[in-house]
Amino acid sequence: MLDFRMETFLSVCKYMNFTHAAEALNLTQPAVSQHIKYLEEKYEAPLFIRERKKLTLTPAGEILRTALETLRNDDTTIKKRMKESLQRKQVLTFGVTMTIGEYAIVPKLAQLIKSHPNTDFHIRYGNTQTLLSYLYEGNIDFAIVEGYFKEDNYHTRVYRTEEYIAVASKKHSFAKSIRCLKDLTSERLLVREPGSGTRAILSRVLALKNMSILDFDHIVEVENIHAIVSLLCQDCGISFLYKAAVEQELADGTLKQIPLSDFMVHHDFTFIWNKDSIFSAEYENTFEELM
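Count the sequence shown with our numbering and you get residues 5 to 295, in order.
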């Protein structure tokens, strides 16, 4: 269990504001300040930089935050496993993004489940940012994600590398010749919601070309990868997806890849867990089994 002053520190890190942290903890702001001062004296290092009412972590503060988050999450896992032991159960809880969970991991996951007959599995689906928040809160043991994240906070292993492509219905007719990304901006774009790894990759690629999703004339935002694929099959627009999500449709000729001279993208599916967790060896073993 974390010292109450450490809980205060993590709350300030969450809100980056002493007043908001005090309100969340039902404390006074002077009490929050005293807790932070105590930790700064204990560790002999400043934890925050205060400039023009803006709060940022010092390098020492970043180290402490990462360590305390890991301790808190391990403590949550220990409590959970102690309760499970009373029921003579072992439970593994982890998260996967939509694309990975539906198209990339099922065969290996089936093997994992069959090889552990006495283990219960709780599998959480969500976009990359949602799964990162689950890890931060200690609600899952590990995750397999496709989006971008701050690697300093996690141990990571590459699960697999996937091609990311532009896709349209086989019967889709383009108004003009398509050679590069900018030629597609007159099309209706089917895209995942903010926070999705699939969307984040597209946003980053577009930004490198001084473009954005808003450059497309029309956008359809959908929070489900199956729905996007179905809409593509109905010729409702174009999209950018992992090839793994549309392999069947490409093979049977329902969809086609749009060849672009300036778009050749591969991205990792990454297995991640909280840095320096006492359960790291166990998560490493699970990763090896899934591989």
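We put the beta carbon where it would ideally sit given N, CA and C, even for glycine.
In this text, all values refer to a predicted model and were calculated from it rather than measured experimentally.
| Item | Value |
| --- | --- |
| Let me know if E74 comes out buried or exposed under the rule of 16 or more other beta-carbons within 10 Å of its beta-carbon. | According to the sequence displayed, residue 74 carries Thr and not Glu. Buried, since its Cβ has 16 or more Cβ neighbours within 10 Å. |
| By the 10 Å Cβ neighbour count, where 16 or more other Cβ atoms means buried, how is R54 classified, buried or exposed? | exposed |
| Whose C-beta lies closer than 6 Å to the C-beta of R183 among residues of the same chain, with five residues either side of it excluded? | S265 |
| Since F291 is in the alpha helix (DSSP H), which residue starts that stretch and which ends it? | 284-294 |
| Pull up the CB-CB distance for G142 and N77, whole angstroms please, since I reckon it's below 8 Å. | 4 Å |
| Hey, out of I217, Q38, T101, S15, whose CA is closest to K186's CA? | I217 |
| Give me the Cα-Cα distance between Q94 and E292, rounded to the nearest whole angstrom. | 19 Å |
| First and last residue of the beta strand (DSSP E) that includes A147? | 146-149 |
| Should D156 be labelled buried (16 or more other beta-carbon atoms within 10 Å of its own) or exposed? | exposed |
| Taking the Cβ atom as the reference point for each residue, do D239 and K175 lie within a distance shorter than 7 Å? | yes |
| Anyone know if the C-beta pair for E150 and F273 falls short of 7 Å? | yes |
| Return the residue from the list M295, L294, E288, S284 that minimises the CA-CA distance to T81. | S284 |
| So, at 6 Å on beta carbons, what are the nonlocal neighbours of D280 in its own chain, with the 5 sequence-adjacent residues on each side left out? | T74 |
| Can you give me the Cβ contacts of G65 inside the same chain, cut-off strictly under 7 Å, excluding the 5 residues immediately before and after it? | L51, F52 |
| Can you find at least 3 beta carbon pairs, one from the region 226-238 and one from the region 162-175, that sit closer than 8 Å? | yes |
| Name the DSSP beta bridge partners of Q115, please? | None, per the DSSP bridge assignment. |
| Taking the Cβ atom as the reference point for each residue, do Y168 and V269 lie within a distance shorter than 7 Å? | yes |
| Are there 16 or more other CB atoms within 10 angstroms of the CB of Q133, so buried, or fewer, so exposed? | buried |
| Could you tell me the distance, in whole angstroms, from the CA atom of L59 to the CA atom of N278? | 24 Å |
| D221: which of L194, E253, T103 sits nearest, CA to CA? | L194 |
| Can you have a look at L90 and say buried or exposed, based on whether 16 or more other CB atoms are within 10 angstroms of its CB? | exposed |
| In angstroms, rounded to a whole number, what distance separates the CA positions of P121 and A114? | 11 Å |
| Locate the beta strand (DSSP E) running through D272, then write down its first and last residues. | 269-278 |
| Applying the criterion that 16 or more other CB atoms from any shown protein chain within 10 Å of the CB defines a buried residue, is F146 buried or exposed? | buried |
| Do A25 and S15 count as a contact pair if the criterion is CB distance below 7 Å? | yes |
| Quick check: what's the CA-CA separation for E27 versus Q33? | 8 Å |
| Which complete beta strand (DSSP E) runs does the region 185-230 hold, if anything under 3 residues is left out? | 192-195, 222-225 |
| Return the bridge partner residues of H159 from the DSSP annotation. | W277 |
| CB-CB under 7 Å to M86, same chain, minus the five flanking residues each way: which ones, in chain order? | none |
| Between P111, K154, L96, which lies nearest to R128 when the distance is taken from Cα to Cα? | L96 |
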